[in-house]
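Structure, as structure tokens:
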Amino acid sequence: MRIAIVHKDRCHAKKCGTECILYCPRVRTGDETVIIGPEGKAVISEELCVGCGICIKKCPFDAIDIVSLPEELEHPTHRYGKNGFALYGLPVPMDGKVTGILGANGIGKSTAIKILSGQLRPNLGNFDTEVAWEEILKRYTGTELFDYLQTVSKKTKKIASKPQYIDYIPKVFSGSVRELLQKTDEHGRLGSLLPVLKLDALLDHEIGTLSGGELQRVAIAACLARDADLYFLDEITPFLDIYQRIAAAKLIRELAQERPVVIVEHDLAILDMLADTVHVGYGKPAVFGIITRPKGVRVGINQYLEGYLHEENVRFRDTQVVFEKRAHDKGSDREDLFEIPPMTKEYDTFHLTISGGTIRSGEVLGVVGANGIGKSTYAKLLAGVEIPTTGKFETNLKISYKPQYIKADTSDTVEMYLRRSSTKFDSSRFQHEILEPLSLSPILQSPVDSLSGGELQRVAIASCLSRDADVYILDEPSAHLDVEQRVKVTRMIKHHAEGREAGIMVIDHDIYLIDMISERILVFEGEPGIHGTAAGPFGMREGMNRFLHALGVTFRRDQSGRPRINKPDSFLDREQKASKEFYYYTADEE
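Below is the structure:
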């Protein structure tokens, strides 16, 4: 079984010499194995293709993928047209449980949710004609999904969905938050949702004026307030701080006791706390995706990090993600690079106090705290974007800054955009240290204003790190990135700091990322929107204990060394809180 994929957004037949046709051995014998279709894009016949792989190597834009699959995957669940993405398998919603889907971006998670929610009818690979529901149900006879899909076909199941990209909400709805939420409050539970998600103060605000975090909380409330038979939530954590993530997770856990919930999430700490079972999605992004059968949440996440699925006997990643059990002690011998003086910044309704501190050469300094408590303001003060109210900040060091919110305000290609950031774009070092870890080569010819959120984030990280600087400040680099990409970015940032002897500051809400990447930590405390204080930097244990104590959650390590959030009020949770050790025990201490 062989599938051929042509990425139409990367195929630029007018800019190349149609190498896919010129070098194809079957075309040379007279067959029309590869042609240029009516849309000006390459079209490959999967029946005639012999899988030699020459066109893949010759295509200058990396627009072609040809993959050989096992025979048991001959019939996909859904395929997006000729030479389009193919999805195999579906997750199984379960009563009284939260079902998680874990996998890379572009692996078919959102497609699976659209099928289960009735927005998309699976075509079983027959994309030329609409497949009847009778044929679909025949395929799933005797499986756990048969009864569920039968209700979907009859349109008797009411579905509530929270979309992945919340920035589209203001484009389809105009009005206040109150008007939107009142329309969705079909179950009378809005009164209990508003205080937990802290939306009371936003009810009279216009939807179009909300920030990303505010819009995310409104979208979660709108979904959970509906009276539905099944709830789908596609990424609840982007733009939310760790406090808001924990609050949303608790609400979803409570709802799951009444109705089944399916969630797609890349924050492993939240997914671990939230889900009862996990389906792992693997394959090749934008080419094909396979959804596994359900696994226990601990087993599923550990196998995903290991890159090996034991039941399926499939290795889908060459390297495994390893969490070091030893203390974060590398920074003890590092020299101070950057002195941060005491400063304050005052706005009409907010006051930030900075007590000072240092960033060390070759160090990654993690920054944690709630939204609206001054972390981004702190970064802007160091980057020179904002001027302090009191205190003086001057330095001869070069500082490179990636802001929290990224705007795609140019139609230039990614390549042209990055060339403006760095004069070393053509060097092999740039290729190996920037482009390859961030997987940017396939989108170099894509216009910046056409990129998805994850692609735009990777381009912004590349632009920041490609500049010649002494200190790099990255504000929420994990937003919109999947687990695989977060791991690559973590390794890349650590390598960049040590290789260039630079200081790097990373502001993020993903606890796993902060734990893996940081040698020391800066903790922001105070009252969001009113006043904030930058405390530290601290060593990891002291800083994380201080942060997690305020958060009210405890961490432990399982046998694999992976940090896990203890279930609230569990034995370990109570024991660690009593001993004031919120930052995890080792597996031996468990």
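Per this note's numbering: the sequence shown ends with 590, consecutive numbering throughout. The beta-carbon is built from N, C-alpha and C at its ideal position, and this holds for glycine as well.
Should residue i and residue j be called a contact, given that it needs their Cβ atoms to be closer than 8 angstroms?
{"i": "L456", "j": "I406", "result": "yes"}
{"i": "L197", "j": "A225", "result": "no"}
{"i": "L465", "j": "H496", "result": "yes"}
{"i": "G108", "j": "G362", "result": "no"}
{"i": "L512", "j": "P563", "result": "The sequence given here has Tyr at residue 512, not Leu. Going by C-beta atoms, Y512 is nearer than 8 angstroms to P563."}
{"i": "I461", "j": "L451", "result": "no"}
{"i": "L48", "j": "D65", "result": "no"}
{"i": "P163", "j": "A370", "result": "no"}
{"i": "P388", "j": "T349", "result": "no"}
{"i": "L203", "j": "S176", "result": "yes"}
{"i": "Y401", "j": "V459", "result": "no"}
{"i": "I291", "j": "L90", "result": "yes"}
{"i": "I44", "j": "A13", "result": "no"}
{"i": "N566", "j": "D558", "result": "no"}
{"i": "A256", "j": "G96", "result": "yes"}
Grouping DSSP H, G and I as helix and E and B as strand, with all else coil, what is residue i?
{"i": "G106", "result": "coil"}
{"i": "A327", "result": "At A327 the pLDDT is 43, less than 50, meaning the model places this residue with poor confidence; the figure from the coordinates comes in the next sentence. Three-state result, A327: coil."}
{"i": "R121", "result": "coil"}
{"i": "F547", "result": "helix"}
{"i": "A534", "result": "strand"}
{"i": "T184", "result": "helix"}
{"i": "G453", "result": "helix"}
{"i": "A160", "result": "strand"}
{"i": "T151", "result": "helix"}
{"i": "A225", "result": "coil"}
{"i": "G191", "result": "helix"}
{"i": "H480", "result": "coil"}
{"i": "D470", "result": "coil"}
{"i": "P563", "result": "strand"}
{"i": "P25", "result": "helix"}
{"i": "K15", "result": "coil"}
{"i": "M505", "result": "strand"}
{"i": "E525", "result": "strand"}
{"i": "F85", "result": "coil"}
{"i": "P442", "result": "helix"}
For residue i, count neighbouring C-beta atoms within 10 Å of its own C-beta (all shown protein chains included) and say buried if the count is 16 or more, exposed if not.
{"i": "K375", "result": "buried"}
{"i": "L397", "result": "exposed"}
{"i": "V385", "result": "exposed"}
{"i": "E265", "result": "buried"}
{"i": "E433", "result": "buried"}
{"i": "E484", "result": "buried"}
{"i": "Q182", "result": "exposed"}
{"i": "A578", "result": "exposed"}
{"i": "Y472", "result": "buried"}
{"i": "R429", "result": "exposed"}
{"i": "H509", "result": "buried"}
{"i": "S117", "result": "buried"}
{"i": "T423", "result": "exposed"}
{"i": "V50", "result": "exposed"}
{"i": "S161", "result": "buried"}
{"i": "R217", "result": "buried"}
{"i": "N313", "result": "exposed"}
{"i": "E235", "result": "buried"}
{"i": "S68", "result": "exposed"}
{"i": "A104", "result": "buried"}
Let me see if you follow: with CB-CB separation under 8 angstroms, is residue i close to chain D or not?
{"i": "I21", "result": "In the displayed structure, chain D is absent; only one protein chain is listed."}
With a cut-off of 8 angstroms on the beta carbons, I'd call residue i and residue j a contact; round off their distance for me.
{"i": "V368", "j": "I493", "result": "Contact flag wrong, Cβ pair sits at about 16 angstroms."}
{"i": "L382", "j": "R360", "result": "At roughly 15 angstroms, the Cβ-Cβ gap does not stay under 8 angstroms, so L382 and R360 are not in contact."}
{"i": "L548", "j": "F571", "result": "Actually they do not touch by this definition, with Cβ atoms about 18 angstroms apart."}
{"i": "A379", "j": "I514", "result": "Not a contact, Cβ separation roughly 15 angstroms."}
{"i": "S446", "j": "T413", "result": "7 angstroms"}
{"i": "G213", "j": "F173", "result": "Actually they do not touch by this definition, with Cβ atoms about 18 angstroms apart."}
{"i": "V6", "j": "K41", "result": "6 angstroms"}
{"i": "A219", "j": "I166", "result": "5 angstroms"}
{"i": "G532", "j": "I373", "result": "4 angstroms"}
{"i": "G100", "j": "A247", "result": "Contact doesn't hold; Cβ gap of about 18 angstroms is too wide."}
{"i": "D318", "j": "V297", "result": "In fact, because the Cβ distance is near 25 angstroms, the residues do not count as touching under 8 angstroms."}
TODO: Take every Cβ of the segment 237-257, pair it with every Cβ of the segment 208-224, and state whether three or more of those distances are shorter than 8 angstroms.
DONE: yes
- [ ] Kindly confirm or deny that the segment 353-365 and the segment 476-483 touch, where touching means at least three C-beta pairs closer than 8 angstroms.
- [x] no
- [ ] Could you tell me whether the segment 77-87 touches the segment 108-120, where touching means 3 or more Cβ pairs closer than 8 angstroms?
- [x] yes
Task: Touch test, the segment 264-283 against the segment 298-316, Cβ-Cβ under 8 angstroms, three pairs minimum - done: yes
Open item on the list: Between the segment 531-546 and the segment 515-522, can you find at least three pairs of beta-carbon atoms closer than 8 angstroms?
Closed with: yes
- [ ] Spell out a yes or no on whether the segment 226-245 and the segment 257-272 are touching, meaning 3 or more CB-CB pairs, one atom from each, closer than 8 angstroms.
- [x] yes
Task: Sufficient close CB pairs (3 or more, under 8 angstroms) joining the segment 72-80 to the segment 123-134 - done: yes
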